[in-house]
Amino acid sequence: MFAVIQFPGSNDDRDMCFAVKSALGAEVALVWHKRGELPPGTRAVLLPGGFSYGDYLRCGAMARFSPVMAAVKRFADAGGPVLGTCNGFQVLCESGLLPGALLRNQALDFVCDPEQRVRVEQAAAPFTSRARPGQVLRIPIKHGEGRYVAEPAELARLDAAGQIVLRYCDAAGETTPDANPNGSVGNVAGVRNAAGNVMGLMPHPEHAAEEGLPGGCDGLVILGSLVDWLERAR
Amino acid sequence: MKAVVCVTLKPDVLDPQGRAIQRACATLGWDGVADVRQGKYFEIQLQTTDRAAAERMARELCEKLLANPVIEDWRIERIEG
């Protein structure tokens, strides 16, 4: 079962549930942030997008101290898969579960692009096994504070360790400055931890999860990879 | 006691808000404004009369909550009260 964490101010929690349940047929439960434990049977944790605690102080800075985050950290430390999208990515960085930080977009605008492309740099379980290396995915973005930063030495280390999973690119897969919506270093759109079981990304796979709708369903490449991983691990 | 704390982006972290303010200064005729860095300012009332305890609490707050050490520096401007 997937656990989708609800913080005060989360707003993509139900979209995430819909994507996991309706599009992928997986079991899912909404978990309020004040719970000190994850529900029994939790096999993957999803931290949704939104504006937890109104983005006060820094995005994700308050949510990090929600009671459920101690349980999420224990779950991650034990090897359980944790995926954070947008605000969920910010919460994971603030919690120290992922390297780096997310800051105000370079151009100071709120970016909203249903056609954003990202290139898959690492095609591997548990989050991107359904992708080919170098595959270009179309996944929507909508954020004001998505500029990924890490010191140059740290970025080089992440790159060498294969922890940079997604980069912003154009439709041809080129990671040009023009394809970078927010000024992230190295066009980084998604990273994972050293162990590989925690990942964050600014794009919203849950918003591209239904066949037949404009915008496609490339989000299922990511969410579906996680479902595949859970089925194999069963 | 009251602690006054400032949190700023590390010098090598790009601050587009500060840059926008600098450009606005130039637009408004202040040509001499070479650079602006924006930060955060906190006034924290602490329920103690012990200066050392107040400083210790302020430092802990900075380390654990008010600043993100990946991107920010902090300093206690003063303890008063």
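Chains A and B supply the protein sequences, listed in that same order. Just so we're aligned, residue 87 is where the first sequence starts under this note's numbering, counting upward by one. Just so we're aligned, residue 130 is where the second sequence starts under this note's numbering, counting upward by one. Yeah, the Cβ is synthetic: ideal placement off N, Cα and C, and Gly gets one too.
- ILE150 (chain B) sits in a helix when the DSSP states are folded into three classes.
- For LYS193 (chain B), the three-state secondary structure derived from DSSP is helix.
- If you draw a straight line from the Cα of ALA242 (chain A) to the Cα of VAL271 (chain A), it is about 11 Å long.
- In the structure shown, CYS179 (chain A) falls within a helical segment according to DSSP collapsed to helix, strand and coil.
- For ALA187 (chain A), the neighbours in chain B by C-beta distance under 7 Å run, in chain order, ASN197, VAL199 and ILE200.
- Contacts with chain B (Cβ-Cβ distance below 8 Å) from the region 188-205 of chain A involve LEU189, ARG190, ASN191, GLN192, ALA193 and LEU194, listed in chain order.
- Here SER138 (chain A) has PHE93, PRO94, GLY95, SER96, GLY146, MET148, ALA149, ASN173 and VAL177 as same chain residues with Cβ atoms under 7 Å from its own Cβ, once five neighbours each way along the sequence are excluded.
- In this structure, the alpha-carbon of THR178 (chain B) lies about 11 Å from that of GLU184 (chain B).
- For MET186 (chain B), same chain residues with a beta-carbon under 6 Å away, outside a window of 5 residues either side, are LEU175 in chain order.
- Shortest Cα-Cα distance from LEU133 (chain A) to any of A:GLY170, A:GLY220, A:ALA105 and A:ALA89 involves A:GLY170.
- With the rule of 3 Cβ pairs closer than 8 Å, the region 196-209 of chain B does not count as touching the region 305-316 of chain A.
- One finds ASN197 in chain B with Cβ atoms closer than 7 Å to the Cβ of ARG144 (chain A), taken in chain order.
- Comparing alpha carbon positions, the residue from A:SER108, A:ALA130 and A:ALA109 closest to GLU317 (chain A) is A:ALA130.
- Shown here, ILE225 (chain A) sits in coil according to DSSP, grouped into three states, outside any helix or strand.
- Within the same chain, GLY146, ALA147 and ARG150 come within 6 Å of GLU180 (chain A) by CB-CB distance, once the 5 residues on both sides are set aside.
- Here the region 180-191 of chain A lies against the region 272-283 of chain A, with 3 or more beta-carbon pairs under 8 Å apart.
- One finds ASN197 in chain B with Cβ atoms closer than 7 Å to the Cβ of GLU180 (chain A), taken in chain order.
- For LYS131 (chain B), the three-state secondary structure derived from DSSP is strand.
- In chain order, LEU194 and ASN197 make up the part of chain B whose C-beta sits under 8 Å from the C-beta of ALA147 (chain A).
- Put simply, the region 132-139 of chain B does not touch the region 222-230 of chain A. Fewer than three CB pairs are less than 8 Å apart.
- Against ALA149 (chain B), the close residues of chain A are LEU194, in the order they occur along the chain (beta-carbon pairs closer than 8 Å).
- Inclusion of ALA275 (chain A) and TYR254 (chain A) in the CB contact set at 7 Å is warranted, their separation being smaller than that value.
- Taking 7 Å as the cut-off, the Cβ atoms of LEU223 (chain A) and VAL307 (chain A) count as close.
- Annotated three-state conformation of CYS145 (chain A) is coil, per DSSP.
- Shown here for THR261 (chain A): same chain residues with a beta carbon closer than 7 Å to its own, the five before and five after excluded, namely ARG205, ARG253, TYR254, CYS255 and ASN273 in chain order.
- In this structure, PHE175 (chain A) sits near LEU287 (chain A), with a CB-CB distance shorter than 7 Å.
- Note on TYR142 (chain A): under 16 other CB atoms within 10 angstroms of its CB, so exposed under the neighbour-count rule.
- Close partners of GLN146 (chain B) in chain A (Cβ separation under 8 Å): ARG190 and LEU194.
- Counting only residues of its own chain and dropping the five nearest sequence neighbours on each side, THR137 (chain B) has a CB closer than 7 Å to the CB of ARG166, GLY168, GLU201 and ASP202.
- Chain-ordered, the chain B residues with CB closer than 7 Å to the CB of VAL235 (chain A) read VAL142 and ILE200.
- LYS120 (chain A) carries a coil assignment under DSSP once its states are collapsed to helix, strand and coil.
- Spatial neighbours of GLY140 (chain A) in its own chain (CB-CB distance under 7 Å, excluding positions within 5 residues in sequence) are listed in chain order as GLY95.
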